[in-house]
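Under the numbering used here, the first residue of the sequence shown carries the number 12, and numbering increases by one thereafter.
Everything below concerns the one structure shown next.
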Amino acid sequence: MRLYLEELVDQCHSRYHLRLLFPDSPFVLQFQCEKERYAISVSNRGCAVLRDGSRQSHFDIKGKEKDMLSLLTGEERLSQLIESGILEVKGGYRQLLFVESILWLTRSRVKEPVQV
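Dropping the structure here:
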């Protein structure tokens, strides 16, 4: 799981245009998989995987690790996993939209476009 979060942080750094979306002060996103907690910090000054996943967060995502991995690899969107009851979230609607944007725009797996 930590490896996937590090990849997410790398994508945040490599996609310079996304920094315009990032807040000035760090936004902490926490993932809880069964008993393990992980967190990342996102800001326009830099992104990082946090060592201590138990600190105060702005948005929490809770679920099974396999479902988190499908989210982090770009196979599924956060809103779809929430609607189907697979993942639980804690945070406001604005934060949900921000997290969904970050996760979708930094996904490492790009699906082929459909041509008509």
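Built from N, CA and C at the ideal position, the CB exists for glycine as well.
Query                                                                                                                : Result
Range of the contiguous alpha helix (DSSP H) that encloses F109                                                      : Y104 to L116
Residue of M12, S52 and R88 minimising C-alpha distance to H24                                                       : S52
Expected contact under 8 angstroms - CB spacing of F70 and G102 to nearest Å                                         : 4 angstroms
Euclidean distance between Cα positions of V60 and Q22                                                               : 12 angstroms
Own chain partners of F38 with C-beta closer than 6 angstroms, once the 5 adjacent residues on each side are dropped : V53 and H69
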